Amino acid sequence: MNIGILLKEGPYNHQAADTAYKFAEAAIKKGHTVDAVFLYNDGVINATNLTDPPQDDRNIAARWSNMAKEHGVEILACIAASKRRGITDDIMIEGGSITGLGTLTDIAIRNDRLLTFGD
Amino acid sequence: MNIGILLKEGPYNHQAADTAYKFAEAAIKKGHTVDAVFLYNDGVINATNLTDPPQDDRNIAARWSNMAKEHGVEILACIAASKRRGITDDIMIEGGSITGLGTLTDIAIRNDRLLTFGD
Amino acid sequence: MLHTINTSPFESPAMEECIRFVQPGDPVLFIENGVYAVQNGNRFTDAIAALQKTSPVFALQPDLDARGISSVAPGVEGIGYDGFVDLVEAHQVNSWL
Amino acid sequence: MLHTINTSPFESPAMEECIRFVQPGDPVLFIENGVYAVQNGNRFTDAIAALQKTSPVFALQPDLDARGISSVAPGVEGIGYDGFVDLVEAHQVNSWL
Amino acid sequence: MEDNVKKIMHVMRRAPHGSIYTYEGLEMILIMAAYEQDLSIAFIGDGVYALKKNQNTEGISMKGFAKTFMALDGYDVEKLYVDRVSLAERGLTEDDLLVDVELLDSAEIGRRMSEQDVVIHH
Amino acid sequence: MEDNVKKIMHVMRRAPHGSIYTYEGLEMILIMAAYEQDLSIAFIGDGVYALKKNQNTEGISMKGFAKTFMALDGYDVEKLYVDRVSLAERGLTEDDLLVDVELLDSAEIGRRMSEQDVVIHH
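Residue numbers (UniProt numbering), protein chains in the order written: chain A, 1 to 119; chain B, 1 to 119; chain C, 1 to 97; chain D, 1 to 97; chain E, 1 to 122; chain F, 1 to 122.
If you want it as structure tokens, here you go:
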């Protein structure tokens, strides 16, 4: 099964980013393909490499970056949503990139499922 | 009257940043002192200078920066909340700075009012 | 003490909770999506009438205008950001986020 | 179609709205703060029983554990992220944010 | 309809202006409309407020977008469903809405929802 | 009490883990406790869930913080008020809570609320 994920809330403030990650991790472990995680609304804040949580807490941005590198999951931030919230190429996590809503449409079309996580 | 403001949501995603600004503007116009706007939770995202909204929309980060310069309002982002969301000194708006929750306590103590805006 | 409510009563328990704790005489101000509470003729019109027996009720006019609400529940006063500042001058503030 | 609900029924109308639109036979999965809906003995226990007459009801076990909910409404099945993936394999998804 | 045409439903559930979800949802719909998929929009709960007439956002210094819903027709997005219950409990009628919509019972919207390949809530 | 001591009430209104408000609220309280103000915490609505016993967040890979409420006593934060109605409608009793609290009627919490210089909702 090929899966796309739409993530609509930022890290830490809402659990959405955690649930999306745990779901993607479980899907990959079961042999499914997670094609892309598209970041929308405050979700784009998942993609900044300036995130620096306490040592004893999870690093949500780094987790996405690792998932991109290890499993080829595209981490994509919507450009219009990113501009409103100060997310730019200069501070983008490794494996992440900025793109338009057309890409989300492609993701919706080419995958078997599109799951939304938000609040 | 001396007023402190606590702002708990990020720009654009919620109206809280707009209402806080309009309230502060009206209070200043009436001759009150707005001592500080303390940014907490996702509120810290108000303080990034990378914000770049559409031309025909308001620029929320720039508005805070101008209010700091023109009316001496301190724009303060909580350090712990900022680290979780990737807000650093390098991308801080002019007139804004990063500080601890002790400063918020001082603001609560030294002002006649502390107003909270959030969602 | 001034109580502010900024969420729609259809979407959040904030108004209902606030009403349970508000003291007689305390003013209540609806702002942002909270102003849907005072749109006349919706399911909360009776609750607003009951609240007004003990509390003056205000709504932020720019938020009413933004949402196209021209008819508000009887007795509710529309005020601007100026009026909001006046209320804050007269009262400590309790914002029911 | 799999319906997911991630907000507390005390704080959001999502569960109530979802139930109005769900088709008979469609599974419903509670996640995140949504799992408070299936804590046994709260004000929504009857609504959960009614829902189960037409829909299988699941709750994400890690979210139940995180919130200290050990007793769930009768018939509700706790599943892991693995089980969530299985449900998604079998159904299109409708997330009631 | 071709094999690669997907049925995508956008569900509006929040009131406008208090948060950006409805507005950014509308931006998403306008882009998706160019891809010739089978799009529809359902307005449920506070989502029905997005279509209220006479919204004037000048006083809150935000851009209004209610009239953009009137432009959807030009993008061939013509399936606009409004939940009858949601509208009634808000004391509104079809006359209060900016655009022509199909006023439907929840069960009927639920039926159409269940036929979708993708459902996105805003 | 000195003139410069302020009465500050923190109001917990959200369930834990679904959002960070309760946790970051607790971080705020711990810092404020060092300033020797007159602090209190009220648990209203879903806020009462923050005090639920036996929370185990391992499965969601988040840090638990329920036990930090037990440490408040050591910071001289001793005024913990729980709204009786909120607890009851959630099917919970005092035995379900991690810490000793004052279980109060809404009117009594409202009265104490109205005496505050500052009220912060989390």
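Yeah, the Cβ is synthetic: ideal placement off N, Cα and C, and Gly gets one too. Remember, it's a predicted structure, so these values are computed and weren't measured experimentally.
With at least 16 other beta carbons inside 10 angstroms of its own, V82/E counts as buried. According to the DSSP secondary-structure assignment, I79/D is paired through a beta bridge with L60/D. Counting the other Cβ atoms within 10 Å of the Cβ of T54/C gives fewer than 16, which makes it exposed. By alpha-carbon distance to V76/C, the top candidate from D86/C, L64/C, A90/C is L64/C. K53/F counts as exposed, since fewer than 16 other beta carbons sit within 10 angstroms of its beta carbon. Sorting L29/C, F21/C, G25/C by C-alpha distance to the C-alpha of I5/C places L29/C at the top. When 8 Å is used as the limit between beta carbons, G18/E is near these residues of chain B: H14, Q15, D119, in chain order.
Residue burial annotation: T19/B is buried, with at least 16 other C-beta atoms found within 10 angstroms of its C-beta.
Of the residues M92/B, N66/B, D119/B, the one whose Cα lies closest to the Cα of A77/B is M92/B.
T33/A is bridged by DSSP to N2/A. Contact between V93/D and R113/A is confirmed by a C-beta separation of about 6 Å, below the 8 Å threshold. A straight-line Cα-Cα distance of about 18 Å links A88/F and I19/C.
Across the region 38–59 of chain C, CB contacts with chain E closer than 9 Å involve Q39, N40, G41, N42, R43, T45, in sequence order along the chain. Per DSSP, the continuous beta strand (DSSP E) segment holding L115/A begins and ends at 113–117.
DSSP, reduced to helix, strand and coil, places A27/B within a helical segment of the structure shown. Contact between the region 19–37 of chain A and the region 8–18 of chain B is not established, with fewer than three Cβ pairs separated by less than 8 Å. About 10 Å separates the beta carbon of M28/F from that of L39/F, a gap too long to meet the 8 Å contact definition. Excluding the 5 residues flanking it on each side, A37/D has same chain C-beta neighbours closer than 6 Å at P9, M15, F30, F44, in chain order.
At the C-beta level, G47/F and T68/F stay beyond 9 Å of one another. The distance from the Cβ of R84/B to that of T51/A is about 7 Å, consistent with a contact at the 8 Å cut-off.
Interface flag for K52/F against chain A is unset, since no Cβ pair is found closer than 9 Å. Only those residues of the region 58–89 of chain A whose C-beta falls short of 7 Å from the nearest C-beta of chain F are listed: R58. As the crow flies, the alpha-carbon of A59/C is around 14 Å from that of V88/C. Bridge pairing for I41/F: H10/F, L80/F [DSSP]. Interface residue (Cβ-Cβ distance to chain D less than 9 Å): V118/E is classified as such. Here DSSP, grouped into helix, strand and coil, assigns S61/E to coil.
Rounded to whole angstroms, the Cβ separation of F43/E and L30/E is 17 Å, and the two are not in contact under 8 Å. With fewer than 16 other CB atoms across the displayed protein chains lying within 10 angstroms of its CB, R111/F is exposed. Rounded to the nearest whole angstrom, the CA to CA distance from H121/F to M113/F is 12 Å. Bridge partners of I20/E according to DSSP: none are assigned. Its chain contains T57, I60, M62 as the residues whose beta carbon lies nearer than 7 Å to that of H17/E, once the 5 sequence neighbours on both sides are disregarded; these appear in chain order.
Beta-bridge partners of H121/E (DSSP): V11/E. Look at S95/D: its C-beta is under 9 Å from a C-beta on chain E.
At least one CB of chain B lies nearer than 9 Å to the CB of K6/F. Spanning the alpha carbons of D105/F and G25/E requires a straight line of approximately 42 Å. The beta carbon of N59/A sits closer than 7 Å to the beta carbons of T51, P53 from its chain, once the five residues preceding and following it are set aside; these are given in chain order.
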